[in-house]
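A quick write-up on the structure given underneath.
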Amino acid sequence: MLPPLPETAITIGAQADDWRGAVRLAGDALARSGAATPAFAEEMIRVIEEFGPYVVIAPGLALAHARPGPETLADGLSVVTLATPVAFGHAHNDPVSVVLGLSATNSDGHIAGVAGLANIFNDEGAISRLAAATSTDEVLAIMKQGERQS
Amino acid sequence: MKIVAICGVGVGTSAILKVNAERALARLGLEADVTASDAANVQVAAEDAQVILSSPELVSRIGKTFADVVVIENYFDLDEIAEKLQKAIG
Numbered sequence: 028m029l030p031p032l033p034e035t036a037i038t039i040g041a042q043a044d045d046w047r048g049a050v051r052l053a054g055d056a057l058a059r060s061g062a063a064t065p066a067f068a069e070e071m072i073r074v075i076e077e078f079g080p081y082v083v084i085a086p087g088l089a090l091a092h093a094r095p096g097p098e099t100l101a102d103g104l105s106v107v108t109l110a111t112p113v114a115f116g117h118a119h120n121d122p123v124s125v126v127l128g129l130s131a132t133n134s135d136g137h138i139a140g141v142a143g144l145a146n147i148f149n150d151e152g153a154i155s156r157l158a159a160a161t162s163t164d165e166v167l168a169i170m171k172q173g174e175r176q177s
Numbered sequence: 010m011k012i013v014a015i016c017g018v019g020v021g022t023s024a025i026l027k028v029n030a031e032r033a034l035a036r037l038g039l040e041a042d043v044t045a046s047d048a049a050n051v052q053v054a055a056e057d058a059q060v061i062l063s064s065p066e067l068v069s070r071i072g073k074t075f076a077d078v079v080v081i082e083n084y085f086d087l088d089e090i091a092e093k094l095q096k097a098i099g
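The listed protein sequences correspond, in order, to chains L and Y. Letter by letter, the first sequence follows residues 28 to 177 of this note's numbering. Letter by letter, the second sequence follows residues 10 to 99 of this note's numbering.
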């Protein structure tokens, strides 16, 4: 099962000045749904500052995340689509139009859930469909594929 | 055979890489034990591994290893993963 994605954790057609702004939006969405504290956004930014833009795991898609800690309140996902794609500095997968935020309260339970993302995005059209979505219902319908058994 | 998928903090992207590596192996008809690790623990996790799967950005974190380092650009592209795994171990 994917980590929960409540409607409140979805932001469509957002504006971000740069990758930090885009990650912050994903963090804001997690804070809105109660999955993380507002400070979690800065933790996710720090991971990218430390390790580089490896979170851009496919063309146009970033999976922002950070270690479980005091900022992570519950397992949860957020989805942010950007009106204008931003560069993360990735060698192959820039620019990013969809940012997923991921809050995990422990690193074990988490692995099985995140793997569900493969069920969504192994369909190569999923990222552009998400980027083009105009309603939270559309986003939820696309993300529902993650609940399939692999 | 042992394969280790790494990511920066060990909670997110390595899990995706692990499940898609397993799918790519199944497609190739190969069997391997695929585990996920964060970059900090890769030396221990990959001690007896034949292959380390990594994103381009994390290669420099791996350090000395006897394993083949396979760099995956698109974590959701089973064709890319299968092709690169086959080259490394086939």
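Using N, Cα and C, we set each Cβ at its ideal position, and we do this for glycine too.
Practice prompt. Run down chain Y in chain order and give the residues with a C-beta less than 7 angstroms from the C-beta of residue 93/L.
Written response: 18
Worksheet item: Under 8 angstroms between the Cβ atoms of residue 94/Y and residue 79/Y?
Response: yes
Worksheet item: Hey, how far is the Cα of residue 110/L from the Cα of residue 39/L?
Response: 8 angstroms
Discussion item. Output needed for residue 22/Y: all residues of its chain with C-beta closer than 8 angstroms, excluding positions within five of it in sequence on either side, in chain order.
Written reply: 16, 64 and 84
Practice prompt. Compare the beta carbon distance of residue 12/Y and residue 33/Y with 8 angstroms and say whether it is the shorter of the two.
Written response: no
Worksheet item: Considering only residues of the same chain and omitting the five flanking positions on each side of residue 84/L, which have a CB-CB separation below 8 angstroms?
Response: 90 and 120
Discussion item. If contacts are defined as beta-carbon pairs under 8 angstroms, then residue 73/L and residue 18/Y qualify, I think. What distance do you get, rounded to the angstrom?
Written reply: Rounded, the Cβ-Cβ distance is 10 angstroms, inconsistent with contact.
Worksheet entry | Reduced DSSP category for residue 26/Y - H, G, I as helix; E, B as strand; rest coil | helix
Worksheet item: What does residue 134/L reach in chain Y if we use C-beta pairs closer than 7 angstroms?
Response: 19 and 20
Discussion item. Let me confirm a value: residue 141/L is counted as buried when at least 16 other C-beta atoms fall within 10 Å, else exposed. Which label applies?
Written reply: buried
Fill in: Nearest-angstrom Cβ-Cβ length linking residue 71/L and residue 54/L, presumed shorter than 8 angstroms
6 angstroms
Fill in: residue 148/L and residue 46/L closer than 8 angstroms at C-beta
no
Worksheet item: Beta-carbon separation of residue 51/L and residue 68/L under 8 angstroms?
Response: yes
Worksheet item: Alpha carbon to alpha carbon, what distance is there between residue 44/L and residue 125/L?
Response: 14 angstroms
Fill in: Selection from 57/L, 164/L and 96/L that minimises the alpha carbon distance to residue 36/L
57/L
Discussion item. Can you tell me where the alpha helix (DSSP H) holding residue 171/L begins and where it ends?
Written reply: Element bounds for residue 171/L: n/a, residue is neither H nor E.
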